[in-house]
Amino acid sequence: MSRNTPSTVYIGNLDERVSEKVLYEIMIQAGRLVDLHMPRDKETNKHKGYAFAEYESPEIADYAIHLFSGLVRLYNRPARFAMSGQDRQSAVGSTPPVTPPMTPGSSSPEVQSPASSRVGRIITANRMLARA
Numbered sequence: 001m002s003r004n005t006p007s008t009v010y011i012g013n014l015d016e017r018v019s020e021k022v023l024y025e026i027m028i029q030a031g032r033l034v035d036l037h038m039p040r041d042k043e044t045n046k047h048k049g050y051a052f053a054e055y056e057s058p059e060i061a062d063y064a065i066h067l068f069s070g071l072v073r074l075y076n077r078p079a080r081f082a083m084s085g086q087d088r089q090s091a092v093g094s095t096p097p098v099t100p101p102m103t104p105g106s107s108s109p110e111v112q113s114p115a116s117s118r119v120g121r122i123i124t125a126n127r128m129l130a131r132a
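So, in structure tokens, the structure goes:
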């Protein structure tokens, strides 16, 4: 990986069962990937729980962070997204987004889920693996 930091997204809090293929299928939805890297332990060959996705431009990387933050859960763990090199405390998605409470019978756009309006239905890793 060329480590083009302005175009590289850090993805953290990944369960050990998350495969590179599943992560690629998620990240490609934001734009063309130049590279996807999941660092692995030299002894066990299991990934270390984080990855780096390099996009063609910083704008696409920024879009990916905002698109996926608070929306992606893999094996019941919320994935965290940030620009590569950004400290963990300021990572987008490190705290859950605030969603207004739903009231019965409400159809106000402010009360409906912002996630569904941005990306539609969210597909979990379990459902993606069942298709493969």
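Residue numbers (full-length UniProt numbering): 1 to 132.
The beta-carbon is built from N, C-alpha and C at its ideal position, and this holds for glycine as well.
Taking just the CA atoms, how far does residue j sit from residue i?
| i | j | result |
| --- | --- | --- |
| PRO6 | LEU74 | 25 Å |
| ASP62 | LYS42 | 31 Å |
| TYR55 | ILE28 | 9 Å |
| VAL72 | ASN45 | 24 Å |
| TYR10 | ALA64 | 11 Å |
| PRO39 | LYS21 | 14 Å |
| SER57 | ALA30 | 11 Å |
| VAL18 | HIS66 | 21 Å |
| GLU59 | ALA82 | 13 Å |
Give me whichever residues DSSP pairs with residue i in a beta bridge.
| i | result |
| --- | --- |
| GLY12 | ARG80 |
| HIS66 | HIS66 pairs with nothing; no bridge assigned. |
| ARG17 | None, per the DSSP bridge assignment. |
So, is residue i buried or exposed, given that buried needs 16 or more other C-beta atoms within 10 angstroms?
| i | result |
| --- | --- |
| ARG32 | exposed |
| GLY70 | buried |
| ARG80 | buried |
| PHE68 | buried |
Report all residues from its chain with a CB closer than 6 Å to the CB of residue i; omit the five preceding and five following residues, and keep chain order.
| i | result |
| --- | --- |
| ARG77 | ASN13, ASP15 |
| THR8 | PHE52, GLU54, SER84 |
| GLY49 | LEU14 |
| HIS47 | MET38, ARG40 |
For a test of the three-state rule: what should DSSP assign to residue i, helix, strand or coil?
| i | result |
| --- | --- |
| GLU54 | strand |
| THR99 | Residue placement at THR99 is poorly supported in this model, since its pLDDT is 44, which falls under 50; the coordinates still yield a value, given next. Three-state DSSP puts THR99 in coil, outside helix and strand. |
| LEU23 | helix |
| ASP35 | strand |
| LEU74 | strand |
| SER7 | helix |
To which residues of the same chain is residue i closer than 8 Å at the C-beta, ignoring the five residues directly before and after it?
| i | result |
| --- | --- |
| TYR24 | LEU33, LEU36 |
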